[in-house]
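Peer 1: After the structure tokens below, expect a handful of questions from me.
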Amino acid sequence: MELFESMKQKIADRNIKIVFPEATDPRILGAVARLYAEELLEPVLIGNKEEIVAAAHDRGLKTERFTIIDPDKFDRWDEMVESFVERRKGKATKEDAEKILKDVNYFGTMLTYMGITDGMVSGIIHSTGETVRPALQIIKTKPGISRTSGAMLMVRGRDQEKYIFSDCGININPNAQELAEIAVDSAKTATLFDIDPKVALLSFSTKGSAKSPEVDKVIEATKLVHEMAPDLKADGELQFDASYVPSVAALKAPNSEVAGQATVFVFPDLQSGNIGYKIAQRFGGFEAIGPILQGLNKPVSDLSRGANEEDVYKLAIITATQTLLD
Ligand SMILES: CC(C)(COP(=O)(O)OP(=O)(O)OC[C@H]1O[C@@H](n2cnc3c(N)ncnc32)[C@H](O)[C@@H]1OP(=O)(O)O)[C@@H](O)C(=O)NCCC(=O)NCCS
Numbered sequence: 001m002e003l004f005e006s007m008k009q010k011i012a013d014r015n016i017k018i019v020f021p022e023a024t025d026p027r028i029l030g031a032v033a034r035l036y037a038e039e040l041l042e043p044v045l046i047g048n049k050e051e052i053v054a055a056a057h058d059r060g061l062k063t064e065r066f067t068i069i070d071p072d073k074f075d076r077w078d079e080m081v082e083s084f085v086e087r088r089k090g091k092a093t094k095e096d097a098e099k100i101l102k103d104v105n106y107f108g109t110m111l112t113y114m115g116i117t118d119g120m121v122s123g124i125i126h127s128t129g130e131t132v133r134p135a136l137q138i139i140k141t142k143p144g145i146s147r148t149s150g151a152m153l154m155v156r157g158r159d160q161e162k163y164i165f166s167d168c169g170i171n172i173n174p175n176a177q178e179l180a181e182i183a184v185d186s187a188k189t190a191t192l193f194d195i196d197p198k199v200a201l202l203s204f205s206t207k208g209s210a211k212s213p214e215v216d217k218v219i220e221a222t223k224l225v226h227e228m229a230p231d232l233k234a235d236g237e238l239q240f241d242a243s244y245v246p247s248v249a250a251l252k253a254p255n256s257e258v259a260g261q262a263t264v265f266v267f268p269d270l271q272s273g274n275i276g277y278k279i280a281q282r283f284g285g286f287e288a289i290g291p292i293l294q295g296l297n298k299p300v301s302d303l304s305r306g307a308n309e310e311d312v313y314k315l316a317i318i319t320a321t322q323t324l325l326d
């Protein structure tokens with residue numbers, strides 16, 4: 001089944017509430033109108049009602065039935081301030097909270113933390129840091145996961161060839177433990193998209209062909225992955241060709257159950273991950289969807305500032321699907 005059709009079926013009729021803090025942006029409004037019309041989720045818009053209605057009318061959209069929450073008139077404001085101060089444990093006073101929560105990304109993240117919404121999609125006019133930092137501080141990572149990371153779903157062609165690449169967005173130089181967590185989390189993300197996870201921990205070395213501290217990190221991470229998820233098909237260290245091309249795998253890693261057939265590619269650092277996905281996108285003709293933030297207690301997704309309405313629509317569907325993960 002087509003990738004997004006499968007996800008739409010998973011989320012339909014579940015009343016999943018996704019908050020959009022950048023509600024006056026026409027790309028957000030266009031996507032929200034589609035999501036609402038298709039009854040895929042319940043969008044919650046943050047901002048001044050008159051401004052949102054005016055922006056929607058400019059785009060020819062009706063907003064009567066949208067849920068709009070104006071932080072200046074929010075009836076649970078005091079509870080939110082208190083909950084924020086409690087969550088930040090000595091890192092913010094009540095006065096700090098009153099200021100910080102005026103920021104729409106903090107406000108939207110708190111709505112999600114408080115369970116008023118189930119997830120958040122933002123970042124079309126904010127930087128990655130502005131969008132993601134509130135989630136790192138408030139929603140935080142799941143037990144056993146110390147770092148959130150950003151996976152890209154790479155999709156190509158009519159027969160929907162699909163892979164996960166990670167970390168392409170967050171951790172600049174993960175250590176072995178963090179890399180192992182990224183690998184395990186990426187395998188979970190793969191299952192969201194009906195990808196059978198076979199995880200390759202990538203390097204410039206295959207099975208000892210080169211020696212360096214960078215390679216040792218990947219070897220150590222692979223060992224930790226086996227300890228953390230003994231049933232997961234994972235292998236490293238592998239060069240990209242050994243992970244993807246069966247004939248190369250047969251030569252370089254003949255006994256591997258991942259080499260030559262990997263579906264989840266874990267890069268050793270952010271430089272290689274970010275460069276790698278962009279090469280696949282620009283040279284390889286893959287559509288790159290994400291980054292999909294993984295490992296958080298509740299999903300928060302960071303849009304690129306160059307995103308269009310279709311990108312918002314798709315990332316919102318993915319975010320809603322993530323709410324179904326354990
Ligand atoms: C995501 C990012 C913005 C966080 O930066 P930051 O806010 O400066 O990070 P800090 O170290 O100040 O940490 C802020 C909080 O988030 C937490 N945190 C930071 N990175 C985290 C991660 N990967 N996972 C979980 N928590 C994290 C910190 O523990 C800290 O929590 P605290 O305030 O409760 O102590 C940063 O990692 C970054 O810039 N990454 C690269 C992003 C990028 O440029 N991508 C480009 C390709 S898209």
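The sequence shown: position 205 = 205 (the working numbering), numbered continuously. For every residue, glycine included, the Cβ atom is placed at its ideal position computed from N, Cα and C. Quick caveat, the model's predicted, so the values are computed rather than measured.
Mind checking Pro197: buried by the 16 CB within 10 Å criterion, or exposed?
Peer 2: Against the sequence shown, residue 197 aligns to sequence position 197. Classification for Pro197: buried.
Peer 1: Using the C-alpha atoms, what's the distance from Ile219 back to Pro213?
Peer 2: Position 213 of the sequence shown, counted from the first residue, corresponds to residue 213. Position 219 of the sequence shown, counted from the first residue, corresponds to residue 219. Cα-Cα distance, rounded: 10 Å.
Peer 1: How about Val19 and Leu111: are their beta carbons less than 7 Å apart?
Peer 2: In the sequence shown, counting from the first residue as 1, residue 19 sits at position 19. In the sequence shown, counting from the first residue as 1, residue 111 sits at position 111. Yes.
Peer 1: Thinking C-beta only, is Tyr113 closer than 7 Å to Ile138?
Peer 2: Position 138 of the sequence shown, counted from the start, is the residue given in the question as residue 138. Position 113 of the sequence shown, counted from the start, is the residue given in the question as residue 113. The answer is yes: Cβ separation under 7 Å.
Peer 1: Ligand 1 and Arg133: does any heavy atom of the ligand fall closer than 6 Å to the residue's C-beta?
Peer 2: As a working mapping, residue 133 is identified with position 133 in the sequence shown. Yes, Cβ of Arg133 sits closer than 6 Å to a heavy atom of ligand 1.
Peer 1: Can you tell me which of Gly90, Gly208, Gly108 and Met154 puts its alpha carbon nearest to the alpha carbon of Phe74?
Peer 2: Taking the first residue of the sequence shown as 1, we reach residue 74 at position 74. Answer by Cα proximity: Gly108.
Peer 1: Tell me, to the nearest whole angstrom, how far the beta carbon of Ile124 is from that of Arg305; I am working on the premise that it is less than 8 Å.
Peer 2: Along the sequence shown, read from residue 1 onward, the residue named residue 124 stands at position 124. Along the sequence shown, read from residue 1 onward, the residue named residue 305 stands at position 305. Sure, about 6 Å apart at Cβ, within 8 Å.
Peer 1: Within this structure, are the beta carbons of Ile52 and Ala23 separated by less than 7 Å?
Peer 2: Counting from one through the sequence shown, the residue named residue 52 turns up at place 52. Counting from one through the sequence shown, the residue named residue 23 turns up at place 23. Contact flag set, yes.
Peer 1: Verify the contact flag: Lys147, CB atom, against every heavy atom of ligand 1, threshold strictly below 6 Å.
Peer 2: On the sequence shown, residue 147 is found 147 positions in, with the first residue counted as 1. For the sequence presented, residue 147 should be read as Arg rather than Lys. At least one heavy atom of ligand 1 is nearer than 6 Å to the Cβ of Arg147, so yes.
Peer 1: Taking 6 Å as the cut-off, is the CB of Ile170 close to at least one heavy atom of ligand 1?
Peer 2: Translated into positions along the sequence shown, residue 170 becomes position 170. Yes, ligand 1 has a heavy atom inside 6 Å of this Cβ.
Peer 1: Secondary structure at Lys298, three-state DSSP: helix, strand or coil?
Peer 2: Here residue 298 refers to the residue found at position 298 when the sequence shown is read from its first residue. Three-state result, Lys298: coil.
Peer 1: At the level of alpha carbons, what is the spacing between Ile279 and Gly273?
Peer 2: Working through the sequence shown from its first residue, we reach residue 279 at position 279. Working through the sequence shown from its first residue, we reach residue 273 at position 273. One C-alpha to the other measures close to 10 Å.
Peer 1: Have a look at Pro71, His226, Asn173 and Gly208 and flag the residue whose alpha-carbon is nearest the alpha-carbon of Val199.
Peer 2: Stepping through the sequence shown from its first residue, residue 199 is reached at position 199. Per the Cα distances, His226.
Peer 1: Please determine whether the Cβ atom of Leu136 lies at a distance below 6 Å from any heavy atom of ligand 1.
Peer 2: Translated into positions along the sequence shown, residue 136 becomes position 136. Yes.
Peer 1: Output the residue ranges of the beta strand (DSSP E) runs that lie fully inside the segment 232-273 and measure 3 residues or longer, sorted by chain position.
Peer 2: Correct list: 233-238 and 264-266.
Peer 1: Select from Gly119, Ala12 and Tyr163 the residue whose C-alpha is nearest the C-alpha of Lys298.
Peer 2: By one-based count along the sequence shown, residue 298 stands at place 298. Out of Gly119, Ala12 and Tyr163, Gly119 has the C-alpha closest to the C-alpha of Lys298.
Peer 1: Looking at Phe165: is its Cβ nearer than 7 Å to the Cβ of Tyr244?
Peer 2: In the sequence shown, the residue the question calls residue 165 occupies position 165. In the sequence shown, the residue the question calls residue 244 occupies position 244. Cβ atoms of Phe165 and Tyr244: not closer than 7 Å.
Peer 1: In terms of residues, what are the limits of the beta strand (DSSP E) holding Arg305?
Peer 2: Taking the first residue of the sequence shown as position 1, residue 305 is located at position 305. Element bounds for Arg305: n/a, residue is neither H nor E.
Peer 1: On the criterion of 16 or more Cβ atoms from any shown chain inside 10 Å, does Gly169 qualify as buried, or is it exposed?
Peer 2: Looking up residue 169 in the sequence shown gives position 169. It counts as buried.
Peer 1: Let me check understanding here. Comparing Cα to Cα, which of Thr63, Gly30, Arg147 and Tyr36 lies closest to Asn48?
Peer 2: Indexing the sequence shown from 1 puts residue 48 at position 48. The residue with the shortest Cα to Cα distance from Asn48 is Thr63.
Peer 1: Starting from Lys223, trace the beta strand (DSSP E) in both directions and tell me its first and last residue.
Peer 2: As a working mapping, residue 223 is identified with position 223 in the sequence shown. Premise fails: Lys223 lies in the alpha helix (DSSP H), Pro213 to Met228, not in any beta strand (DSSP E).
Peer 1: So Ser149 and Ile182 are supposed to be a Cβ contact under 8 Å. How far apart are they, rounded?
Peer 2: Mapped onto the sequence shown, residue 149 falls at position 149. Mapped onto the sequence shown, residue 182 falls at position 182. Indeed, because the Cβ distance is near 5 Å, the residues count as touching under 8 Å.
Peer 1: Around the C-beta of Ala320, are 16 or more other C-beta atoms found within 10 angstroms, so that it is buried, or is it exposed?
Peer 2: If you number the sequence shown from 1, residue 320 lands on position 320. The residue in question, Ala320, is buried, as its Cβ has 16 or more Cβ neighbours within 10 Å.
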